[in-house]
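Just so we're aligned: the sequence shown equals residues 56 to 243 in the numbering used here.
From the three backbone atoms N, C-alpha and C, an ideal C-beta is built for every residue, glycine too.
Inspection log for the structure reproduced underneath, given as structure tokens.
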Amino acid sequence: MGFSTPGDILIADQFNNRVVEVDAGHHIVWHFGNGASVAGPHSIVGPNDAERVGSLTLIAGTGTPPGADPSCADPSGCPDNRVVLVNRAGTIVWQYGMAGVGGSGPNQLNTPVQATALPGGDVLITDQANERVIEVTPDHRIVWQYGITGVTGAGPDQLNNPNSAELLDNGHVLIADENNNRVIEVTR
Numbered sequence: 056m057g058f059s060t061p062g063d064i065l066i067a068d069q070f071n072n073r074v075v076e077v078d079a080g081h082h083i084v085w086h087f088g089n090g091a092s093v094a095g096p097h098s099i100v101g102p103n104d105a106e107r108v109g110s111l112t113l114i115a116g117t118g119t120p121p122g123a124d125p126s127c128a129d130p131s132g133c134p135d136n137r138v139v140l141v142n143r144a145g146t147i148v149w150q151y152g153m154a155g156v157g158g159s160g161p162n163q164l165n166t167p168v169q170a171t172a173l174p175g176g177d178v179l180i181t182d183q184a185n186e187r188v189i190e191v192t193p194d195h196r197i198v199w200q201y202g203i204t205g206v207t208g209a210g211p212d213q214l215n216n217p218n219s220a221e222l223l224d225n226g227h228v229l230i231a232d233e234n235n236n237r238v239i240e241v242t243r
């Protein structure tokens, strides 16, 4: 058994600050994250989502809110706010967002709860606290967005705590809009 073997399960172990791959015999055969509550080149804080992209692993690290993680010594919480693509050796080969920085400017995220690799290399990111879903290119350009950055609502182009987004076969994007109690299909 080894990395990315059919039948293995990839787990975003949120409160242990790691992503693990477990084989059918319940053995950890791969991991990323050293358990630290501080985001860094070999750690991820509060991973909420992980998926395989060929030989790489795409991970969304949200961080932990104040008081949620006893190993987090920062009274403001331990933010991560990164989406990373990690190779088999545990090296981050691509990143959008900055460790410990929350925001809505270029290369900034605020609670990225989910990420999906798209055909062609772009990444669809559910940027929850910014109330948006964005498509980001490998060179960090936002080329599509649904939701008005920082605006909470239920109207057209508005979201309220989006939780996930997936690309559909028809090219549209399906968004789970948690606090609006809806799932919407939007064009891209």
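When C-alpha distances from VAL74 are compared across GLY158, GLY80, LEU140, ASN162, the shortest belongs to LEU140.
Taken in chain order, the unbroken stretches of beta strand (DSSP E) that lie wholly in the segment 154–203 and span 3 residues or more are 167–172, 178–182, 187–191, 197–201.
The C-alpha of PRO193 is placed about 25 Å away from the C-alpha of ILE66.
Put simply, of ILE203, ALA209, ASP182, ASN236 the residue whose alpha carbon is nearest the alpha carbon of GLY152 is ASP182. Per DSSP, ASN218 is one residue of the beta strand (DSSP E) stretching across 217–222. By the neighbour-count criterion, in which 16 or more other beta carbons inside 10 Å mark a residue as buried, ALA79 falls on the exposed side. Residues of the same chain with a CB within less than 8 Å of the CB of ILE83, apart from the 5 flanking positions on each side, are VAL75, GLU76, VAL77 in chain order.
Contact holds between the segment 161–172 and the segment 134–149, because three or more Cβ pairs, one in each stretch, are under 8 Å apart.
Excluding the 5 residues flanking it on each side, LEU223 has same chain C-beta neighbours closer than 8 Å at LEU229, GLU240, in chain order.
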